[in-house]
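For the first sequence, our numbering begins at 700 and goes up steadily by one.
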Amino acid sequence: MNNREVAAVFDLIADLLEIKGEQVYKVLAYRRAAQEIGNLGRSLQTLWEADELRTIPGVGEAIASKIDELLRTGKLEFAEKLAAEVPPGLVEVLKVEGVGPRKAARFWKDLGITTLADLEQAARAGKLRGMPGMGARSEERILKGIESLRRRQVGRVSIGRARPVALSLLAEIERMPSVHRVELAGSLRRWRETVGDIDLLVAAEDAAQVIRLFAGLPQVDRVLGQGDTKVSVELQDGLRAQVWVHPPERFGSALQYATGSQAHNVRLRELAQQRGLSLSEHGFKKPGGGEILCDSEEEVYRRLGLPWVPPELREDRGEIQAAQRGQLPELVGLDDLAGELHAHSTWSDGQNSIEEMARAAMSLGLRYLVISDHSQSLGVANGLSIERLRRQAKEIETVQRRIGAGLRLLRGTEVEIRADGALDYPDDVLRQLDVVTASMHTSLRQAPEKVTARLLGAIRNPNVDVIGHPTGRMVEGREPAEVDIEAILREARQTGVALEINAHPARLDLDEANARRAAEMGCLLAINVDAHSPSDFELREYGVGVARRGWVPPGLVVNTWPVDRLEAWLQRWKQPGIRD
DNA sequence: GCCGTTTTCGGCCCGACTGTTTTCAGTCG
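Written out as structure tokens, the structure reads:
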């Protein structure tokens, strides 16, 4: 069983226990464990073998022994007994908006409802309105919730889809009267790779007006909920958005609250309690009455004795302890990126010429650009034969002369790691290139040993500088190859090969958990956008978001380095005495 | 079920919104 499968079991247990009416803190404990395991960034199997399960936060004696049973037998007796007690179909019912564990349990015990279909039927037949606290409007709401659940299928959408929509909403709100300031909040501001909904935080005097105007925007399909300080809507394209409006003098605490994560906020509120204060989105409440207002986030953190914590770190994954010790990591930023190591042109499957790509990179202030078109076996992407690769080198030279010294063009390739593990160009061809990125695009579903061996082979080839999108995962829709990521990281650390954080929002590979593990181990990384057109350069910020969420400092990212340091690294095997 | 510069037992955040109620429970983030 892999991490995700184990996490799913604990999430299921949490749902079932909740319906059963088990005490909430037990339920929370299972959820916490599921979340930690899901974000572990290293294989649970490895920790299990080393008898280190208890080092995972939120994993104590009971959960550790359940993990042990799962990894040994692939099953969990506790979960099976629970599933016999509480119908697992109710888990779907829980996903309906407005239905929580209490109602789900009532539906089941009073009406025998055990599936989403049962619930729909009962609501249509008007059987729910007799229950305590429920009337005809509740039935309507539940039917709408079921419809919406089916339409949305998956709850979260990729950040690449949500962010542009969010920015356009933000621009609309900025134009509204009495608005001082608008910021993205929630998981978008934290740069999570998927987001549940778009959260926007507004500082304005006239909250009622902002809420009214927002609810009336043409993009809004329907209003899900509306109050004095917030409004929640579903947009025409199915995305959901939530807007909070607070007066400017409370903006800091409100932004902090709306940014989350929930787990981070819980920790902060505990810290506030230790200081005899109560923290909410409105600010701090003092015990005898009286308030402390915070117009900036810095002020919120300062009152808790902490430096400001970057939103990307706010997940309760050690950032609060690090802040208390004054040891928050220095994080790589978009401005740190000096060059791009992964760009395609019309020579393979890019949409623009080398010169167009170069000029676009220059206009963004980049100092170097590697042209890395696909290699010969990747026919679908018009991969370059050795002959075309040679001719391309001449064009790169020509373009370099035309554009001048402002941008250094480097000759590269994205060489295919073939299914048998061999690289798609012979070593003497690779040796003549400045930067070699080796990637897998085919046979990603090979057995773990095989696909890991392919990557290890590429890393050990002294001509290879970067491993491109190492696991082959796609944010929406494709699982990563089953690579032994620990082994890959160890080997990359050993050889000085950089692992790519592919910044394209469809990929984001390495993901944040693997990026964090890589940074912990001191592996070199490269934040590359894999550009196929000039506009793709704009997407680099998504890769930076992943890196920051992975606590990656700028020094480990090779394309933050100036060109002379980069070149010294590229020459690392060519110095005599090394690796002979 | 987890966890400990208050504790190995007794805690474990805080408020808005909804729908149904005359004061609140449930849900959500």
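Think of the CB as a built atom: it goes at the ideal place given N, C-alpha and C, for glycine as much as any other residue. Quick caveat, the model's predicted, so the values are computed rather than measured.
Its chain contains I1053 as the residues whose beta carbon lies nearer than 7 Å to that of E1094, once the 5 sequence neighbours on both sides are disregarded; these appear in chain order. Between the C-alpha atoms of E882 and T1045 there is a straight-line separation of about 39 Å. 8 Å or more divides the Cβ of L887 from the Cβ of A870. Inter-residue distance for W747 and G1171 is about 26 Å (C-alpha atoms, whole angstroms).
Taking 8 Å as the cut-off, the beta carbon of L1224 is found closer than this to the beta carbon of A1246. Taken atom to atom, the span from the alpha-carbon of E796 to that of K985 is near 35 Å. Per the coordinates, the alpha-carbon of E996 lies some 14 Å from the alpha-carbon of E1011. Taking C-beta atoms as the reference points, L1122 and A1146 fail to come closer than 8 Å. The three-state secondary structure of I755, taken from DSSP, is coil. Residue V1196 holds the alpha-carbon nearest to the alpha-carbon of V1134 among L976, P1179, I1116, V1196. Where Q925 is concerned, there is no enclosing alpha helix (DSSP H), although the beta strand (DSSP E) around it starts and stops at 919-925.
Selection L1129, D898, Y1241, I1158 evaluated against L1033 yields Y1241 as nearest (Cα-Cα). In the DSSP annotation of this structure, D1263 is not part of any beta strand (DSSP E); the continuous alpha helix (DSSP H) holding it starts and ends at 1262-1269. For the pair D1035 and P1253, the CB atoms are nearer than the 8 Å cut-off. For the 8 Å CB-CB criterion, Q1023 and L1040 do not form a contact. For the alpha helix (DSSP H) assignment, the uninterrupted runs of no fewer than 4 residues enclosed by the region 995-1037 are, from N- to C-terminal side, 996-1002, 1018-1023.
Between A1059 and I1116, the C-beta gap is not smaller than 8 Å, which leaves the two residues out of contact. Relative to S1074, the option among Q734, A713, L1083, G788 whose CA is nearest is L1083.
The three-state secondary structure of A1197, taken from DSSP, is strand. V708 sits away from L793, with the two beta carbons spaced by 8 Å or more. The three-state reading of DSSP puts W747 in helix, counting H, G and I together.
Per the C-alpha coordinates, the member of A884, G759, Y1000, F806 positioned closest to I858 is A884. Bridge pairing for M1173: R1177 [DSSP]. Per DSSP, T1112 lies in no alpha helix (DSSP H) segment; the continuous beta strand (DSSP E) that holds it begins and ends at 1107-1115. K984 sits in a strand when the DSSP states are folded into three classes. At the C-beta level, A732 and V758 come within 8 Å of one another.
Per DSSP, Q1075 lies in no beta strand (DSSP E) segment and is marked neither H nor E. Look at K929 here: in three-state DSSP terms it is strand. DSSP, reduced to helix, strand and coil, places I872 within a helical segment of the structure shown.
Taking the C-beta atoms as reference points, G1120 is found no nearer than 8 Å to A1080. Ranking D817, W1250, L1198 by CA distance to the CA of L842 puts D817 first.
For the 8 Å CB-CB criterion, E904 and S877 form a contact. A check of alpha carbon separations from D1235 across A1202, V1243, L899, R703 identifies A1202 as the nearest. In this chain, W943 is not harboured by any alpha helix (DSSP H); it is covered by the beta strand (DSSP E) spanning 939-945. Residue state for A903 is assigned as strand, using DSSP reduced to three classes. In this structure, the CA atom of L954 is about 41 Å from the CA atom of I812.
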